[in-house]
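If you read the protein sequences in the order shown, they are chains A and B.
Position one of the first sequence corresponds to residue 16 (our numbering), numbered consecutively onward.
Position one of the second sequence corresponds to residue 4 (our numbering), numbered consecutively onward.
Ideal Cβ placement from N, Cα and C applies to all residues, glycine included.
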Amino acid sequence: MEQTTIGQANITSILFFLGFVVITLGITYWAAKRTRSTSEFYAAGRSITGFQNGLALSGDYMSAASFLGIAGLVSTRGYDGLIYSVGWLVGWPILTFLIAEPLRNLGKYTFADVLAYRLSHRPIRTAAATGSLVTVLFYLVAQMVGAGTLIKLMFGFSYELAIVLVGALMIAYVLFGGMLATTWVQIIKAVLLLGGATILVALTLAKFGFSYGALFEAAATKYGDKILQPGGLITNPLDAISLGIALMFGCAGLPHILMRFYTVPDAKEARKSVFYATGFIGYFYILTVTIGFGAAVLVGSDVIMSIDKGGNMAAPLLAEALGGNLFLGFLAAVAFATILAVVAGLTLAGASALSHDLYVGVIRKGVANEKEEVRVARMATVGLGVAAIVLGLLFKGQNVAFMVGLAFAVAASANFPALAMSIYWKGLSTKGAVASIYTGLFLAVGLIIISPTIWVDILKNPVALFPLKNPGIFSMGAAIIVAIVVSFLTKDPGAEEKFAEEKLRSYLGIGAE
Amino acid sequence: MRTDLNVARMLEDPEFKKLTRQKNRVSLILTIIEMIIFFGFITLLAFYKPFLGTKISGAITIGIPIAIGAIILSWILTGVYVFWANTKYDAMVRSVRDRIGG
Numbered sequence: 016m017e018q019t020t021i022g023q024a025n026i027t028s029i030l031f032f033l034g035f036v037v038i039t040l041g042i043t044y045w046a047a048k049r050t051r052s053t054s055e056f057y058a059a060g061r062s063i064t065g066f067q068n069g070l071a072l073s074g075d076y077m078s079a080a081s082f083l084g085i086a087g088l089v090s091t092r093g094y095d096g097l098i099y100s101v102g103w104l105v106g107w108p109i110l111t112f113l114i115a116e117p118l119r120n121l122g123k124y125t126f127a128d129v130l131a132y133r134l135s136h137r138p139i140r141t142a143a144a145t146g147s148l149v150t151v152l153f154y155l156v157a158q159m160v161g162a163g164t165l166i167k168l169m170f171g172f173s174y175e176l177a178i179v180l181v182g183a184l185m186i187a188y189v190l191f192g193g194m195l196a197t198t199w200v201q202i203i204k205a206v207l208l209l210g211g212a213t214i215l216v217a218l219t220l221a222k223f224g225f226s227y228g229a230l231f232e233a234a235a236t237k238y239g240d241k242i243l244q245p246g247g248l249i250t251n252p253l254d255a256i257s258l259g260i261a262l263m264f265g266c267a268g269l270p271h272i273l274m275r276f277y278t279v280p281d282a283k284e285a286r287k288s289v290f291y292a293t294g295f296i297g298y299f300y301i302l303t304v305t306i307g308f309g310a311a312v313l314v315g316s317d318v319i320m321s322i323d324k325g326g327n328m329a330a331p332l333l334a335e336a337l338g339g340n341l342f343l344g345f346l347a348a349v350a351f352a353t354i355l356a357v358v359a360g361l362t363l364a365g366a367s368a369l370s371h372d373l374y375v376g377v378i379r380k381g382v383a384n385e386k387e388e389v390r391v392a393r394m395a396t397v398g399l400g401v402a403a404i405v406l407g408l409l410f411k412g413q414n415v416a417f418m419v420g421l422a423f424a425v426a427a428s429a430n431f432p433a434l435a436m437s438i439y440w441k442g443l444s445t446k447g448a449v450a451s452i453y454t455g456l457f458l459a460v461g462l463i464i465i466s467p468t469i470w471v472d473i474l475k476n477p478v479a480l481f482p483l484k485n486p487g488i489f490s491m492g493a494a495i496i497v498a499i500v501v502s503f504l505t506k507d508p509g510a511e512e513k514f515a516e517e518k519l520r521s522y523l524g525i526g527a528e
Numbered sequence: 004m005r006t007d008l009n010v011a012r013m014l015e016d017p018e019f020k021k022l023t024r025q026k027n028r029v030s031l032i033l034t035i036i037e038m039i040i041f042f043g044f045i046t047l048l049a050f051y052k053p054f055l056g057t058k059i060s061g062a063i064t065i066g067i068p069i070a071i072g073a074i075i076l077s078w079i080l081t082g083v084y085v086f087w088a089n090t091k092y093d094a095m096v097r098s099v100r101d102r103i104g105g
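The following block contains the structure:
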C-alpha cells in the first residue's frame, strides 16, 4: 500500500465537514423558531414519525467508537470482533418487548416521569435523575475523549481544538434547536453513516466478486483459519455473562435512548420506531464486520496497527485504499458528524434530568411555568456542555474505553430495574425503588473500581479485589433484590392504589400525553 | 377526570384482563427467547469454542452464520412483536376503549 494521508488535514474531509456543519446549523436555526415550549424543547413537539425516530435512535446508538472500533477489532482479531457486535444489539429487543410502549404511555419527557407516576415525586426524581446523570456523564466522557483522539488521528487537529469544536457545536444544536434540531442532526448523521458504510462494503465486496465466501477465504488464506474462529475474548464465562447482562438490560436504561420515545405521537409509533432502529443497527453491525474483514485482507492488520494500536483506523484506511482521498474525506467527515450527534443527544438527556427532574420536580416541587423550565433546561445545556469540554480536556490521554461499559452497567443496575418494576410490579414502594437505584449505582461504580478494569489496569495494583471485569450480574441482581426486600418492609399503600390507574394508561394509552 | 369507581370497573372488565394477560405473555415469551439466543451464544463461546470453529464450507466456520443469525433473529423477533401488536393488540385496545370509554 502507498503512503496514507490519514492524520493530515485533508481538503475534501474539511469541505465535507463544513458542509455538514452549515446544513446542521441551518436546521438548528429553523428548529429554534419552533422550540419554545417544554414539549418542543424536550420532545420536538411529539412531531417525529416512527420511521424518523427509528433513524434517530440508531443515530444515537451508532457511535464513532462502534463504527471505527468494531471494524478495527474485526480487522485485528477477526471473529472476536463479531462477538461484540452481537452483544451491542441484543438490548434492543428487550427495549421493544418490555419498555418502549409503557414508557411512552406513562411519561412525558424523561423516564423519571414513569417512576414518579405513582411513587413520591421528590425522592424518586432525585434518585432517577442521579442515575441518569451518572450514566450520561460516563458515556459523555468516553465520547469526548474518543472524539479528541479520533479527530486528531484523522484530521491532524490538536486534541484540545477537537474537543472545543465538538463541545461548541453540540451546545449550539441543543441550546437553540432543542430536541427538534438534535433529532434531525441524528437523522442526517444516521443516513450518512449507513450510506457511507454501505458504499464501503460495496467497494470491498466488488474486490471479491460480491461473494462473502471469497472474502472469508482470502482472510483465512492470509491469516490462517483462526481469524474465523473464536479466540481469547471470552475466557471467564461468568465475566462474559456479566458483561452480557449489562449490555442486554443497559440499553433499556440509557436516558438518551429512552427520551427519544417521547418525540413520537403515541405508543404505536414508539413501537414501530424500535423495530426500524433495531433493523438499522443490526444492518450497520453487519456492515462494520464486513469492513473489518475487508480491511484485514486489503489493508493488512500490521499496517492498521502501525497507525493506531487499537485498530481504530481500519475503516478509514480501507476507504482510502478503495475510494481514494475523496472517499476518505467523506468518511472522516461522517465520523466527525457521528461524534457530534451522539454527544448532542447525551447532553440533551442530561439537561432534561437536571431541569425537568431535579429543578422543576424536586426544587420547585413540580410548579414552574413552561418559560421558566425551558430557560433552566437551556442553562443546564450550557453547563453540561462546558462540563463535557472540561472533562474531555482533563481526561486527555487516559484510557476511558471502560467508561462506556460502565455507563451500560449503571444503566442496567440503577435505571432499568426500578423502571421495569414500577411498570410491572404493583408492590414496588417509593423507598424500595429509591434504595434499588442507589444500590445499583454504588455497586456498579464501586465494584468496577476494585475490578481488574480499574484496580489493576489503571491503578496498577497487583491483584483485583473483585474478580470480574464487569459488575453487571451482581450490581443488577442486588438492585432487584433490594427493591423487593425494601418494598416488602415499607409498604406504600398510596403507590399500590395508583397502580390501577397506571395500568389502564400503560396498556390502553388512556390519558397519555 | 374519571372517578375511582370507573377505574375499578374498567380493571374488572374481562376483556381488559385478557388484554393485559396476553400482552404480558407475548412480552415475556419473546424476552425469554431473546435471552436464550444471546446467553446460548455466550455459553457456546465459553464452553464449546471448537464447535464454533468447525468449518462448514471452505474456510467459513459455523460460528459466522450463528453470530450473524443472532443479529438477524433479534431483529426478526422485534418484527414479530410489532406485527402482533399492530394487528392483534391494537384491535383489542380499540375494542376495550370503545366499549368502556376513555
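Residue i: contacting residues in chain A (beta-carbon distance under 8 angstroms)
i, result
"residue 115/B", "Because residue 115/B is not part of the residues shown, which for chain B are 4 to 105, the question remains open."
Under 7 angstroms by beta carbon: chain B residues contacting residue i
i, result
"residue 516/A", "10"
"residue 111/A", "81, 84"
"residue 235/A", "62"
"residue 290/A", "81, 82, 85"
"residue 301/A", "71, 74"
"residue 259/A", "41, 42, 45"
Residue burial classification, residue i (beta-carbon count within 10 angstroms, cutoff 16)
i, result
"residue 11/B", "exposed"
"residue 23/A", "exposed"
"residue 201/A", "buried"
"residue 55/A", "buried"
"residue 244/A", "buried"
"residue 119/A", "buried"
"residue 4/B", "Only weak support exists for where residue 4/B lies, its pLDDT of 45 falling under 50; the value from the coordinates is given anyway. That one is exposed."
"residue 43/A", "buried"
"residue 384/A", "exposed"
"residue 462/A", "buried"
"residue 507/A", "buried"
"residue 321/A", "exposed"
"residue 317/A", "exposed"
"residue 51/B", "exposed"
DSSP three-state assignment for residue i, whether helix, strand or coil
i, result
"residue 20/B", "helix"
"residue 64/B", "strand"
"residue 465/A", "coil"
"residue 411/A", "coil"
"residue 26/B", "helix"
"residue 99/B", "helix"
"residue 525/A", "coil"
"residue 324/A", "coil"
"residue 59/B", "strand"
"residue 76/A", "helix"
"residue 286/A", "helix"
"residue 4/B", "For residue 4/B, the pLDDT reaches just 45, beneath the cut-off of 50, and the residue's location in the model is therefore unreliable, although a value from the coordinates is still provided. Residue state, collapsed to three classes: coil."
"residue 473/A", "coil"
Distance between beta carbons of residue j and residue i, contact taken as under 8 angstroms
i, j, result
"residue 124/A", "residue 328/A", "39 angstroms between Cβ atoms; not a contact."
"residue 21/A", "residue 168/A", "7 angstroms"
"residue 348/A", "residue 66/A", "Actually they are not in contact, since the Cβ atoms of residue 348/A and residue 66/A sit about 25 angstroms apart, beyond 8 angstroms."
Start and end residues, alpha helix (DSSP H) containing residue i
i, result
"residue 29/A", "26 to 47"
"residue 260/A", "252 to 265"
"residue 382/A", "First-last for residue 382/A: undefined, no H or E at that position."
"residue 269/A", "Neither: residue 269/A is in no alpha helix (DSSP H) and is coded neither H nor E."
"residue 117/A", "115 to 121"
"residue 225/A", "Per DSSP, residue 225/A belongs to no alpha helix (DSSP H) and is neither H nor E."
"residue 340/A", "329 to 367"
"residue 278/A", "Careful: residue 278/A lies outside any alpha helix (DSSP H) and carries neither H nor E."
"residue 371/A", "Per DSSP, residue 371/A belongs to no alpha helix (DSSP H) and is neither H nor E."
"residue 211/A", "174 to 221"
"residue 167/A", "136 to 170"
Per-residue contacts from residue i into chain B (C-beta, under 9 angstroms)
i, result
"residue 263/A", "37, 38, 41, 42"
"residue 488/A", "What residue 488/A touches in chain B: nothing, since even the nearest Cβ is about 11 angstroms away."
Within chain A, partners of residue i - CB distance below 7 angstroms
i, result
"residue 88/B", "286"
"residue 93/B", "283"
"residue 26/B", "522"
Chain A residues whose Cβ lies nearer than 9 angstroms to that of residue i
i, result
"residue 3/B", "An answer regarding residue 3/B cannot be provided, because it is not within the stretch 4 to 105 covered by chain B."
"residue 52/B", "244, 245, 246, 249"
Cross-chain neighbours of residue i in chain B, by beta carbon under 8 angstroms
i, result
"residue 228/A", "60, 61, 63"
"residue 252/A", "45, 46, 49, 50"
"residue 171/A", "Within 8 angstroms Cβ-Cβ: nothing; residue 171/A doesn't reach chain B, min ~35 angstroms."
Check: residue i C-beta below 8 angstroms from any heavy atom of the ligand MG
i, result
"residue 79/A", "For the ligand MG, the structure offers nothing, since it holds no ligand at all."
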